[in-house]
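Protein chains in written order, with my numbering: chain H, 3 to 229; chain R, 430 to 1251.
Taking it in order: structure first as structure tokens, then the write-up.
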């Protein structure tokens, strides 16, 4: 049995994309890895309320990200928004994490899409885009309500609950239809929202598809099997 | 260390009344009612007057509460404390009990017009009354451990408790060796500092280790103990039904006609069950055949508090004939009118069974009557073992444990709320507590650091620290706003996240979120004695409607599953291994064991029987350790991993309290190796990382320690509220801080509880070299119950959801006429 995580190929807007079980999207032809909602320094954001959530989330998120980059041999990295949890998060990075982050910026060509959480903050040296068209695929943080494009977005942190033979499991997932891909959140401390929530469901065609992140592979199901 | 022990063989050796009691108005009051002082009451008084902390161990009834209050009553009249000074603190694990004791203690005070004030204070006390009590406490205050913790967190605590003389702890056996007990005993040590003259009096049901109860209660070197044996043994029968006793299952519905007959014959009965699902089912079944229109009610922890309170009131007024109840009625008010206790399903532990039986007939010299109803043949053996243990006066119970670091963290925060403290002094105070006597300074320091700023030497974390060291070198709260936060989060009872069940606008009770997650709209289930249809979630409430369906589609939800106690397990193995003992067994059970002996082998006190056979192309491996469900569950997961590595291709397993079975595609080999002790090092670590059991323990510890806030049922998630999945934190800590105090706390709890490593490792040691392995050509009689059960509730290869997704994918592909090797 093959124990290496395997990806799922997805034809979208005339391109072939790969959904990775790690929760990232890889576009081989462009050598581009896409990740959304890192929410770096979410842990330390609670400190001001006297809640001392362990601070290792940034370190862990970056190390998982580096592992995927290494595996895919990507050259470009597209951060699809909410990369930092708030506008001050970058300044809370401890020495090691700041070093890891600047290494990332040095080693890869970073494409920064702005999210709502950073409130306009952009790390030094990067250019920020509200949205970006790459070969006819539109990347933006929050999906547009009326969408005519092939659009890839994040923001909603989708997850799905599968009920089967009296048991239930809940996992992060990609949500796709003919014109949209909504990415799962990649951040270590990020929570999620069920795809059946109107906020997500109303964006999608009646027949949409979920791709759940398992440990070793992507599990793809039509939305009709949910609840 | 001197210890005072008194035991009573009979009640004739009545000591003379001490002078100050002879002339006490209470003696006249007792006499007027035709009563007299019991020797154990007088001995509690004597020991208390000698300045000792006294534990009174006695069965229910016999004036235990009065014994507890007696020293206080004598002292309070001799040296009347100033008005509005607290003299006596009574602590009960149940609010209802505090209220009841308030009423009982009030009777003589009011009859005799004594100048003593007495009040209750619980979570239900109105805020205005609580405020007044804070400024003008009564002489006697009846309260709960949580309310005590709250009182101690006030800055005025030193003044409030300065005149305290007696602390009475009721139902002490239900508090000891639990997190709730940890918190209470830490607070007792606080009181010992604030009110050095205050003495403790503990009231306990009979426990396995009375000396330990004394140690748990007393300040070092000050303990005494009074023991009163059960003068009349309860009369216990095991029910025989004309219907066939099932091979497996827990529901005992086969015996419903006989249960109904017994209930009809009694004046008032309590039918105890082990799970809420059982309560719902037995209740339904009894009503189906209720031709005599008996007044049968139900009581369990998921039902709305208001509904439960009504049942209790009706019982107290004698307006019910029968109550079907779970452990929610294990403690509480005394019901002298109950003349029959039934236990449906195996009793699981001797002490718990005895306490349940003790709920009936509270007269010391009349026997209580109980009927045990085994749900399966294995359970029959267990009932027999329990009966034997009771006739031999054997008790089991909760194992003593060291206090948790999560509870310590909460206590440190509480201490800071009440004012600045010196770390070393505080540490000295804490290690006076029995459960924390082994606490190392390093662990205390780490926990203190956790409370301060999470324990992280990071700029942001230090800047917002909750505690700071002031100029005098004392630890103090950095912001008074934290006090409110602490008070919101007080206590150690952490319920699984639960949602309210609403029938239109009426709240029926609560159900755990994990159960609701399994439901789709349209599914039906039993709740509160009716079949309900799940309509959906609305505003975080479970909306249901009534349905006429007789059989619910989702039959049960578990909860409160108690594992078989070591002692009962040992006795059951003893019965199995000794043919002479089989005389007491009914024919079908005897027949079953005889066949097992012919076909395979029988477990005894030392060995481990392991069988293998093949069935429908699968290979079954069945072992009979009798170590309880929790330990078997852990062993099952570990065996699966090991078998997977060895290439036996295991598919699933099933565990019961008595045995476990694993099935695989290839025949397992080298059985001795499979069960070797190193299974606890190799595979355990990996499994612990992903098992939801550990995550559940971690969540509890994180809530108690104040890292994440508790969610109250029905409380809506708001954006502002800091809710955080503890699972995410768990994963990160395991990787980055494997020694974190909350992981320590979770591991400590799991090892003795849900994962039960203690029993598992003891078992693996015990059976080394004593495995009796049988290769059979077909299933053995002893394995039948387990394999039957496997159809219903087996556990798949992996503990994570992936296996399920794999399975669903496979099913869908098969449905579409494809195989999944594309």
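Glycine included, every Cβ here is placed at the ideal spot set by N, Cα and C.
Since we're looking at a predicted model, the values are computed, not measured.
Using a Cβ-Cβ cut-off of 7 angstroms, state whether residue i counts as contacting chain H.
i, result
"residue 882 of chain R", "yes"
"residue 782 of chain R", "no"
"residue 1202 of chain R", "no"
"residue 895 of chain R", "yes"
"residue 737 of chain R", "no"
"residue 449 of chain R", "no"
Quick one: is residue i near chain R, going by C-beta distance under 7 angstroms?
i, result
"residue 49 of chain H", "yes"
"residue 4 of chain H", "A caution first: residue 4 of chain H carries a pLDDT of 46, below 50, which makes its placement in the model unreliable, though a value can still be read off. So no, residue 4 of chain H is outside the interface."
"residue 46 of chain H", "yes"
"residue 58 of chain H", "yes"
"residue 117 of chain H", "no"
"residue 158 of chain H", "no"
"residue 13 of chain H", "no"
"residue 187 of chain H", "no"
"residue 69 of chain H", "no"
"residue 76 of chain H", "no"
"residue 127 of chain H", "no"
"residue 7 of chain H", "no"
Name the chain R residues that come within less than 8 angstroms of residue i, Cβ to Cβ?
i, result
"residue 55 of chain H", "883, 1136, 1153 and 1158"
"residue 174 of chain H", "Under the 8 angstroms cutoff, chain R gives no residues; its nearest Cβ is about 12 angstroms from residue 174 of chain H."
"residue 214 of chain H", "1234"
"residue 201 of chain H", "Near residue 201 of chain H there are no residues of chain R at all, since even the closest Cβ is about 13 angstroms away, more than 8 angstroms."
Tell me residue i's beta-bridge partners as DSSP assigns them.
i, result
"residue 29 of chain H", "H/34"
"residue 1037 of chain R", "R/1200"
"residue 652 of chain R", "R/482"
"residue 174 of chain H", "H/161"
"residue 130 of chain H", "H/114"
"residue 54 of chain H", "None, per the DSSP bridge assignment."
"residue 953 of chain R", "R/962"
"residue 200 of chain H", "In DSSP, residue 200 of chain H forms no bridge with anything."
"residue 213 of chain H", "H/176 and H/222"
"residue 839 of chain R", "For residue 839 of chain R, which the question treats as bridged, DSSP gives no partner whatsoever."
"residue 572 of chain R", "R/520 and R/550"
Which chain R residues sit within Cβ distance under 9 angstroms of residue i?
i, result
"residue 62 of chain H", "1160, 1161, 1164 and 1165"
"residue 221 of chain H", "1231, 1234, 1235, 1237 and 1238"
"residue 190 of chain H", "1157, 1160 and 1161"
Just the chain R side, please: which residues come within less than 7 angstroms of residue i by C-beta, in chain order?
i, result
"residue 163 of chain H", "946"
"residue 193 of chain H", "1154"
Who are the neighbours of residue i on chain H, taking C-beta pairs under 8 angstroms?
i, result
"residue 551 of chain R", "None at all; the shortest Cβ gap to chain H is about 28 angstroms."
Name the chain H residues that come within less than 7 angstroms of residue i, Cβ to Cβ?
i, result
"residue 887 of chain R", "57 and 96"
What residues of chain H sit near residue i, judged by a beta carbon separation below 9 angstroms?
i, result
"residue 890 of chain R", "46, 49, 54 and 57"
**Request:** Using a Cβ-Cβ cut-off of less than 9 angstroms, give me the residues of the region 904 to 921 of chain R that come near chain H, in sequence order.
**Result:** Taking 9 angstroms as the Cβ-Cβ cut-off against chain H, the residues of the region 904 to 921 of chain R that qualify are 907, 908, 910, 911 and 914.
**Message:** Give the list of continuous beta strand (DSSP E) stretches no shorter than 3 residues that lie fully inside the region 706 to 793 of chain R.
**Reply:** 725 to 728, 751 to 754 and 769 to 773
**Asked** Which whole runs of the alpha helix (DSSP H) in the region 583 to 615 of chain R are 4 residues long or more, in chain order?
**Response** 586 to 589
**Asked** Which residues, in chain order, does the region 84 to 111 of chain H contribute to contact with chain R at a C-beta distance below 8 angstroms?
**Response** 94 and 96
**Within the region 1052 to 1130 of chain R, ranges of the beta strand (DSSP E) (whole runs, at least 3 residues)** = 1079 to 1084 and 1089 to 1093
**Request:** Give, in chain order, every unbroken run of the alpha helix (DSSP H) that is at least 4 residues long and sits entirely within the region 877 to 949 of chain R.
**Result:** 888 to 892, 910 to 917 and 942 to 946
**Item:** Every unbroken beta strand (DSSP E) within the region 518 to 568 of chain R, with a cutoff of 3 residues, ordered by chain
**Value:** Within the region 518 to 568 of chain R, the complete beta strand (DSSP E) segments of 3 residues or longer fall at 547 to 550, listed in chain order.
**Item:** Interfacial residues, the region 22 to 44 of chain H to chain R, with Cβ spacing under 7 angstroms
**Value:** none
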